[in-house]
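Numbering (the working numbering), first residue to last: 143 to 332. Don't be surprised by glycine CBs; every beta carbon is placed ideally from N, CA and C. The structure under discussion appears below in the form of structure tokens.
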């Protein structure tokens, strides 16, 4: 766990510029969202697929003990969210791709009956609530044209939708990716 945190922290060293303009999280529901093609086959992604090659190489070097310790002193905070470090570096090929990803959802807006239209998709349980947020390129801002009901915040889910490269700043975390949601379902191995 510590190695993972250190590895993710090292990713902050490689951030030189943010990707794109800052887009505040919408305050009102956006009814103009274009629905994701229900027939499009989703490509299954792992969280490491969101990291560009240079970030993956840095993480691997750290885990193998090859990272230059002086890199730790170069770490900075690009996000305005307290405690969030990491990069806004993205994998450009993911833009517009219909994907399926596992993770934990954290609703940003609440409606009746435990439903929401805006969420964060997080790589591990408790992120942004009990711990500082993961790096921006390890969080996906989710938005749905329809209310999505959630039964538990503690259980993992599969999320399908159209991935977009878009920086979004919320009160809880900044993200480098966003997704228009097609479906959210309980996590089960295939």
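{"Query": "Beta carbon of residue 318, beta carbon of residue 240: below 7 Å?", "Result": "no"}
{"Query": "Does DSSP put residue 237 in a helix, in a strand, or in coil?", "Result": "coil"}
{"Query": "Using 7 Å as the threshold, is the C-beta distance between residue 283 and residue 310 below it?", "Result": "yes"}
{"Query": "Buried or exposed for residue 329, going by 16 or more other Cβ atoms inside 10 Å?", "Result": "exposed"}
{"Query": "Go ahead and pull the three-state DSSP assignment for residue 188.", "Result": "coil"}
{"Query": "Using 10 angstroms around the beta-carbon of residue 177, count the other beta-carbons present and answer buried if the total reaches 16, otherwise exposed.", "Result": "exposed"}
{"Query": "Evaluate residue 271 with the Cβ neighbour count: other Cβ atoms within 10 Å of its Cβ, from every protein chain shown; 16 or more gives buried, anything less gives exposed.", "Result": "exposed"}
{"Query": "Do the segment 288-301 and the segment 259-274 touch if we need at least three Cβ pairs shorter than 8 Å?", "Result": "yes"}
{"Query": "Just the Cα atoms here: how many angstroms apart are residue 213 and residue 245?", "Result": "Note that residue 213 has pLDDT 49, beneath the 50 cutoff, so the model's placement of it is unreliable and the number below is only indicative. Answer to the nearest angstrom: the Cα atoms are 29 Å apart."}
{"Query": "To which residues does DSSP link residue 207 through a beta bridge?", "Result": "Answer is none; residue 207 lacks a bridge partner."}
{"Query": "Please name the residue in 285, 257, 287, 315 whose C-alpha comes closest to that of residue 294.", "Result": "257"}
{"Query": "Quick one: grab the DSSP three-state call for residue 258.", "Result": "strand"}
{"Query": "Are the CB atoms of residue 250 and residue 312 within a distance shorter than 7 Å?", "Result": "yes"}
{"Query": "Could you tell me the alpha carbon to alpha carbon distance between residue 305 and residue 208, rounded to whole angstroms?", "Result": "33 Å"}
{"Query": "Among 183, 198, 181, which residue has its Cα nearest to the Cα of residue 189?", "Result": "198"}
{"Query": "Residue 271 lies in the beta strand (DSSP E); which residues open and close that run?", "Result": "That residue, residue 271, is in no beta strand (DSSP E); it is neither H nor E in DSSP."}
{"Query": "On the three-state DSSP scale, how would you describe residue 197?", "Result": "helix"}
{"Query": "So, are the CB atoms of residue 279 and residue 192 less than 7 Å apart?", "Result": "yes"}
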